[in-house]
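Trainee: The opening position of the sequence shown corresponds to residue 88 in the working numbering, with each subsequent residue numbered one higher. Before I ask anything, here is the structure I am working with.
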Amino acid sequence: MTAENFIPKKYPNSVENGSYTWTSPSNIALVKYWGKKANQIPENPSISFTLNNCKTTTTLSFSKKESDNYFSFEVFLDGEKKDDFKPKIETFFNRVEIYLPFLKSYHFKIETSNTFPHSSGIASSASGMSALALCLMSVEKKLINDVSEENFIQKASFLARLGSGSACRSLEGDLVVWGKHDKIDGSSDLFGVKYPFEVHKNFKNYQDTILLVDKGEKQVSSTVGHNLMHGHPFAQERFNQAEKNLSDIILILKNGDLDKFIALVESEALTLHSMMMTSMPYFILMKPNTLEIINKIWAYRNSTGSKVCFTLDAGANVHVLYPENEAAQVLEFIQNELVTFCQKGEYINDKIGFGAKLL
Ligand code: PMV
């Protein structure tokens, strides 16, 4: 499969106008993607849990326009016009136009809303870009007719990737792999695929409570962060490590080995942050409260034997991961000991989910 496979032949149908609404979740990587080549190709494969509650809902309304030599669209967040979102979408349209040649033939109204607060420090790019890519695929489906479900999702993931790399892992659940890996048949640098192997019941309905330590804008955009991996002295070792961690997690997921899962996932999170600490320029994206939370989790685990662990995005917020059978105790621990380190005491309870839906 190459990118050229996603360039459509001439569209047989003509459509004047319409509207589609998709809801698509965020995801949290267990083995992280950090570093990319040209055209949003990842330097290493990654795997993520699809989330259930942190979602973006996007309605795309479209109507045929006279001229087809420019993009025409408007964007609304929670009913409010958002011209500052336009450059990102214009860049996305430019990247995907070759794969969606109808883009300049329509005026689009993009109405979007998130279940999580915009200023929560939770990136909406994965859920937002995947929802938009799915809406655009629904338009294309109308122009073509006979698109199989598999091809539809695959191309939507391919397009979402061009919007924001990790967005390609948000369309399906409950575990998604993105990036070519020898042990995972069908895996691709171009799109995410459902994790194809057996997963132990220990991981069923796995819980993720997101502790909002810092609700501000990201200190380092992911574009800048990924670029810092070019010429990074430890980059190649890191990419090799991610390959190995993805191999290792296959057995861990099969056997339900929670201790090994914890070690791998926490090491991945800290490695991601250490890559940022050791790049030039260098950044510390954790806050003092991030470390307080990590230490509390470790102490709680030592004293109780709990299987709770943490992972991090490229920011200060902490994802607290734990098996469903510990939900009551861990939530009590979070409320008693961790919420105090959250900005305004805010956190979001989420869990593994099953991907995007057409509404
Ligand atoms: O999709 P991007 O370009 O925002 O990169 C996201 C990278 C991490 O969230 C830090 C890791 C990952 O694999 O999701």
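Cβ coordinates follow ideal geometry from the N, Cα and C atoms, glycine included. All values reported here derive from a predicted model rather than from experimental measurement.
Are A247 and M216 closer than 7 Å when you measure CB to CB?
Mentor: As a working note, residue 247 is residue 160 in the sequence shown. As a working note, residue 216 is residue 129 in the sequence shown. Result yes, Cβ atoms of A247 and M216 sit closer than 7 Å.
Trainee: The ligand PMV heavy atoms versus the CB of A116: any closer than 6 Å?
Mentor: In the sequence shown, the residue the question calls residue 116 occupies position 29. Checking the Cβ of A116 against the ligand PMV gives yes.
Trainee: Kindly indicate the opening and closing residues of the alpha helix (DSSP H) around C222.
Mentor: Position 135 of the sequence shown holds residue 222. Counting along the chain, the alpha helix (DSSP H) containing C222 begins and ends at 212-231.
Trainee: Of the choices I337, N332, S309, K331, whose alpha-carbon is the least far from that of F284?
Mentor: The residue labelled residue 284 in the question sits at position 197 within the sequence shown. Of the candidates I337, N332, S309, K331, the one whose C-alpha sits nearest the C-alpha of F284 is I337.
Trainee: Going by DSSP in three states, N423 sits in which element: helix, strand or coil?
Mentor: Locating residue 423 in the sequence shown gives position 336, counting from the first residue. Here N423 sits in helix by DSSP.
Trainee: Tell me the DSSP secondary structure of S192 in three-state form.
Mentor: Here residue 192 refers to the residue found at position 105 when the sequence shown is read from its first residue. It is helical.
Trainee: Which residues share a DSSP beta bridge with H268?
Mentor: On the sequence shown, residue 268 is found 181 positions in, with the first residue counted as 1. I271.
Trainee: Can you tell me which of N389, L399, A350 puts its alpha carbon nearest to the alpha carbon of L372?
Mentor: Mapped onto the sequence shown, residue 372 falls at position 285. Comparing Cα positions, the closest option is L399.
Trainee: Taking DSSP's pairing of strands, which residues face Y107 in a bridge?
Mentor: Along the sequence shown, read from residue 1 onward, the residue named residue 107 stands at position 20. BP columns for Y107 point to L147.
Trainee: With DSSP run on the structure shown, which of helix, strand or coil describes T398?
Mentor: Position 311 of the sequence shown holds residue 398. Here T398 sits in strand by DSSP.
Trainee: Could you compute how far the alpha carbon of P129 sits from the alpha carbon of W265?
Mentor: Against the sequence shown, residue 129 aligns to sequence position 42. Against the sequence shown, residue 265 aligns to sequence position 178. For P129 and W265, the distance between alpha carbons rounds to 8 Å.
Trainee: In this structure, does DSSP put C255 in helix, strand or coil?
Mentor: Locating residue 255 in the sequence shown gives position 168, where the first residue counts as 1. Three-state DSSP puts C255 in a helix.
Trainee: Can you find a heavy atom of the ligand PMV that lies under 6 Å from the Cβ of K119?
Mentor: As a first step, residue 119 is located in the sequence shown; it is residue number 32 there, counting from the start. Correct: K119 has its Cβ closer than 6 Å to the ligand PMV.
Trainee: Is G273 close to the ligand PMV? I mean its beta-carbon at under 6 Å from any heavy atom of the ligand.
Mentor: As a working mapping, residue 273 is identified with position 186 in the sequence shown. Incorrect: G273 has no Cβ contact closer than 6 Å to the ligand PMV.
Trainee: Helix, strand or coil for Y157 per DSSP?
Mentor: Looking up residue 157 in the sequence shown gives position 70. DSSP places Y157 in coil when its eight states are reduced to three.
Trainee: Are the beta-carbon atoms of I197 and V162 separated by less than 7 Å?
Mentor: Position 110 of the sequence shown, counted from the start, is the residue given in the question as residue 197. Position 75 of the sequence shown, counted from the start, is the residue given in the question as residue 162. The answer is yes: Cβ separation under 7 Å.
Trainee: Do the CB positions of F149 and F195 come within less than 7 Å of each other?
Mentor: Indexing the sequence shown from 1 puts residue 149 at position 62. Indexing the sequence shown from 1 puts residue 195 at position 108. Yes.
Trainee: When DSSP builds the beta bridges, which residues end up paired with E198?
Mentor: For the purposes of this step, residue 198 is taken as the residue at position 111 of the sequence shown. According to DSSP, E198 bridges with T146, F163.
Trainee: Just to confirm the assignment, what range does the alpha helix (DSSP H) spanning T178 have?
Mentor: Here residue 178 refers to the residue found at position 91 of the sequence shown. Taken as a continuous stretch (DSSP letters only), the alpha helix (DSSP H) holding T178 covers 173-183.
Trainee: Answer yes or no: the CB of G402 versus the heavy atoms of the ligand PMV, is any distance below 6 Å?
Mentor: By 1-based counting over the sequence shown, the position of residue 402 is 315. Answer for G402: no, Cβ out of range of the ligand PMV.
Trainee: Hey, would you say G440 sits closer than 7 Å to N139, going by beta carbons?
Mentor: Taking the sequence shown and counting its residues from 1, the one referred to as residue 440 is at position 353. Taking the sequence shown and counting its residues from 1, the one referred to as residue 139 is at position 52. Cβ atoms of G440 and N139: closer than 7 Å.
Trainee: Name the two residues that bound the continuous beta strand (DSSP E) containing V407.
Mentor: In the sequence shown, counting from the first residue as 1, residue 407 sits at position 320. Start and end: 405-409.
Trainee: Within the continuous beta strand (DSSP E) that includes Y434, where are the two ends?
Mentor: The residue you call residue 434 lines up with position 347 of the sequence shown. That run of the beta strand (DSSP E) goes 434-438.
Trainee: Take the Cβ of S244 as the centre, count every other Cβ of all protein chains shown within 10 Å, and call the residue buried at 16 or more, exposed below.
Mentor: In the sequence shown, counting from the first residue as 1, residue 244 sits at position 157. So S244 ends up on the buried side.
Trainee: Beta-carbon within less than 7 Å of K229's beta-carbon, same chain only, minus the 5 sequence neighbours each way: which residues are those?
Mentor: Here residue 229 refers to the residue found at position 142 of the sequence shown. Within the same chain, K229 has close Cβ partners N100, V102, G105.
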